[in-house]
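Each remark here refers to the structure printed beneath this line.
Numbering (my numbering), first residue to last: 1 to 162.
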């Protein structure tokens, strides 16, 4: 099964394609979609939409794992802007007919590290170990996308075992 993990963001959007088979996960590719700061919101969203379409066509995932929105009371504008990016991502997945699973940040962290409040560094170190990477996945947007994909694989494996 191919899982495309996406960490939605307006400036930097992380992605990772993971192949999961028999409880073993392999990282196919991971990277970021970057927008230009001076672009308008509409241009940024269009760039994200086009790049997501390219990723969906290129990887042909069976499912897309996306982090749910989280809004800190001190930064509601950030959540609103991220919501625009997430909306475009979900729309492109729907257009391509690819199923989407959403996971909270705490569920993703708990699935990987056993601690829903794990630090970004703990998540990166766990990913490095689980996937036998030579280096920590960076930037953190990439690590978050890999983590979302691995969480999705874990949830699918858990359901299959039951």
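The beta-carbon is built from N, C-alpha and C at its ideal position, and this holds for glycine as well.
Specify the secondary structure class of residue i as computed by DSSP and reduced to three states.
i: residue 42; result: helix
i: residue 157; result: helix
i: residue 9; result: coil
i: residue 142; result: helix
i: residue 16; result: strand
i: residue 1; result: coil
i: residue 100; result: strand
i: residue 162; result: Because the pLDDT at residue 162 is just 43, under 50, the model does not fix this residue reliably, and the value given afterwards should be weighed accordingly. Residue state, collapsed to three classes: coil.
i: residue 85; result: helix
i: residue 21; result: strand
i: residue 150; result: helix
Identify the continuous beta strand (DSSP E) that holds residue i and give its terminal residues.
i: residue 105; result: Where residue 105 is concerned, there is no enclosing beta strand (DSSP E), although the alpha helix (DSSP H) it sits in stretches over 105-113.
i: residue 27; result: 24-34
i: residue 65; result: 63-67
Provide the residue span of the alpha helix (DSSP H) that contains residue i, from first to last.
i: residue 121; result: 120-130
Kindly list the residues whose CB is nearer than 8 Å to the CB of residue i, restricted to its own chain and excluding five residues on each side of it in sequence; keep chain order.
i: residue 162; result: Because the pLDDT at residue 162 is just 43, under 50, the model does not fix this residue reliably, and the value given afterwards should be weighed accordingly. Once the five neighbours on either side are set aside, residue 162 has no close Cβ partner at all.
i: residue 133; result: 27 and 127
i: residue 67; result: 6, 7, 8, 102, 103, 104, 105, 108, 144 and 148
Spatial neighbours of residue i within its chain, please: CB distance less than 6 Å, with the 5 preceding and 5 following residues excluded, ordered by chain position.
i: residue 99; result: 63
i: residue 1; result: 20 and 62
Please work out which residues of its chain come closer than 7 Å, Cβ to Cβ, to residue i, disregarding the five sequence neighbours upstream and downstream, and give them in chain order.
i: residue 140; result: 120
Using a Cβ distance threshold of 8 Å, determine whether the stretch 104-123 contacts the stretch 77-94, with at least three qualifying pairs required.
Cβ pair count under 8 Å is below three, so no.
Would you call the stretch 142-157 in contact with the stretch 97-114, where contact means no fewer than 3 C-beta pairs closer than 8 Å?
yes
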